[in-house]
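J.: Heads up, the sequence shown is in the working numbering, so the first residue is 2 and it goes up one at a time.
The structure that follows is given in the form of structure tokens.
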Amino acid sequence: MAPRIACGLAIALLAFGAAPTVHAQPADLPIAPADGTPLPKGVRVKKSADGSVYTDARGHTLYGMDMRTVLRWAPDPARFCAQDCAREWAPLLAPPGTKPNIRYPMGFEKAAEMPPAEDQITDPRKAPDWTVIEGAAGPQWVYKGWHLVFTRRAAGGSAPPPDDITWNTLKFVPAPPRIAAPGFVATAYFGGAYALTDRDGRVLFTGHCAAPCAWRPLPAPMASGGLGDWKVSLSGDRAEWTFKGQQVFVSEESDPHAIPRGGRILRPQTSSGENR
Numbered sequence: 002m003a004p005r006i007a008c009g010l011a012i013a014l015l016a017f018g019a020a021p022t023v024h025a026q027p028a029d030l031p032i033a034p035a036d037g038t039p040l041p042k043g044v045r046v047k048k049s050a051d052g053s054v055y056t057d058a059r060g061h062t063l064y065g066m067d068m069r070t071v072l073r074w075a076p077d078p079a080r081f082c083a084q085d086c087a088r089e090w091a092p093l094l095a096p097p098g099t100k101p102n103i104r105y106p107m108g109f110e111k112a113a114e115m116p117p118a119e120d121q122i123t124d125p126r127k128a129p130d131w132t133v134i135e136g137a138a139g140p141q142w143v144y145k146g147w148h149l150v151f152t153r154r155a156a157g158g159s160a161p162p163p164d165d166i167t168w169n170t171l172k173f174v175p176a177p178p179r180i181a182a183p184g185f186v187a188t189a190y191f192g193g194a195y196a197l198t199d200r201d202g203r204v205l206f207t208g209h210c211a212a213p214c215a216w217r218p219l220p221a222p223m224a225s226g227g228l229g230d231w232k233v234s235l236s237g238d239r240a241e242w243t244f245k246g247q248q249v250f251v252s253e254e255s256d257p258h259a260i261p262r263g264g265r266i267l268r269p270q271t272s273s274g275e276n277r
């Protein structure tokens, strides 16, 4: 749909007082790692074949409605899910008596009935994982400042268009671990765990590479003194990194998280690698 047509349609919907259908099938978009904020009472983390997700006390998957995506249809996006939307989605309400501690920014909070308390968090970008906002049905949980939390009232429902980014399963990604490694070493979360990578996101691994070895060693500066278990080896033609005395290699696969057979991914949790 052309942008002008889409804009015209949105204006027409507003003119007639109608909101577009909110679909019951969320898009699976990336979610930032958890920050360690305590979970609301009853909220759990459930492992599945596709990764870990948050659930309510009944084991129902939690979904987030990204408030930033409904501004065309609601001056206060926290109160957007009412009527037709509320028949498909059940809000995850905070315990009775809970005072909201977040509001939608940039002037849209003017639509709220009650002014915020002085100690309220007003910038969702700085919010902890779990906060409470005044939703359409009362104080409602919000995840990471933007995602108004719901469960689906019934399985099934109509599928959204491919570009629908309003709804999202609330996936759990643990906070990145602290690592003692050279500055260029980073971490990436995939396959249900963190792994060590280079600055380009290519996974690091170790293992025995029979001659002639086609694996690419992780190059090191000759002047480096190393750090902890990370040492620089000068035994070959070029300086290379080793970890706990083992040669370190960097993935050259089309998938930056893949390694050749016989390699072991370096993971910060165990520091010993995982067979591949």
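In this text, a Cβ means the ideal position worked out from N, Cα and C, and glycines have one as well.
Treat the numbers as computed from the prediction; the structure is a model and nothing was measured.
Using the beta-carbon count (16 or more within 10 Å), is P101 buried or exposed?
T.: buried
J.: In whole angstroms, what separates the C-alpha of T70 from that of Q141?
T.: T70 and Q141: Cα-Cα distance of roughly 18 angstroms.
J.: For a quick check, are the C-beta atoms of R200 and P257 less than 7 angstroms apart?
T.: no
J.: Among T170, P220, I180, W231, which has the Cα closest to the Cα of S252?
T.: Considering only alpha carbons, the answer is P220.
J.: If we count the other Cβ atoms within 10 Å of its Cβ and call it buried at 16 or more, is D36 buried or exposed?
T.: exposed
J.: In terms of residues, what are the limits of the beta strand (DSSP E) holding R153?
T.: Segment 148 to 153, the beta strand (DSSP E) holding R153.
J.: Identify the residues that DSSP records as bridge partners of L94: which are they?
T.: Listed as beta-bridge partners of L94 by DSSP are Q141.
J.: For P222, is the classification buried or exposed, using 16 other Cβ atoms within 10 angstroms of its Cβ as the cut-off for buried?
T.: exposed
J.: Grab the span of the beta strand (DSSP E) containing D77 for me, first residue to last.
T.: Note, D77: premise wrong, no beta strand (DSSP E); not H, not E.
J.: For A220, write down the residues that DSSP places opposite it in a beta bridge.
T.: Residue identity check: residue 220 is Pro in the sequence provided, not Ala. According to DSSP, which records beta bridges pairwise, P220 is partnered with E241.
J.: For E135, which three-state DSSP category applies?
T.: strand
J.: Only counting the same chain, and skipping five residues up and downstream in sequence, which positions put a Cβ closer than 8 angstroms to that of H209?
T.: Cβ within range, chain order: G263.
J.: What does DSSP give as the partner residue(s) for F206 in the beta ladder?
T.: F250, I266
J.: Would you identify the three-state DSSP class for K127, choosing helix, strand or coil?
T.: helix
J.: Short of 7 angstroms in beta carbon distance, which residues of its chain neighbour A113, apart from the five on each side in sequence? Order them along the chain.
T.: Confidence is the limiting factor: at A113 the pLDDT is only 45, short of 50, which leaves the residue's position unreliable, though a coordinate-based value still follows. Only D77, R104, E135 meet the Cβ criterion.
J.: Tell me which residues share the same chain as D57 and place their Cβ nearer than 7 angstroms to its Cβ, disregarding the 5 neighbours each side in the sequence.
T.: G43, V44, L63, L93, T152
J.: Is the beta carbon of M68 sitting closer than 7 angstroms to the one on W147?
T.: yes
J.: Considering only C-alpha positions, which residue in the set R217, V233, W231, G246 is nearest to E254?
T.: R217
J.: How many angstroms separate the CA atom of P34 from the CA atom of C82?
T.: 26 angstroms
J.: By the DSSP assignment, the beta strand (DSSP E) with R45 in it spans what residues?
T.: 45 to 49
J.: Is the distance from the Cβ of P106 to the Cβ of D124 below 7 angstroms?
T.: yes
J.: Does the Cβ of E254 lie closer than 6 angstroms to at least one heavy atom of the ligand GTP?
T.: You won't find the ligand GTP in this model; it holds no ligand whatsoever.
J.: Please go through the same chain and pick out, in chain order, the residues whose beta-carbon is closer than 8 angstroms to the beta-carbon of R126, but skip the five residues on each side of it.
T.: The residues are G146.
J.: Taking DSSP's pairing of strands, which residues face K100 in a bridge?
T.: Bridge partners of K100: none, in fact.
J.: What residues match up with V54 in a beta bridge as DSSP calls it?
T.: K47, K172
J.: According to DSSP, is A194 part of a helix, a strand, or is it coil?
T.: strand
J.: Does any CB atom of chain D fall closer than 7 angstroms to the CB of P261?
T.: Absent from the structure: chain D. Only one protein chain is present.
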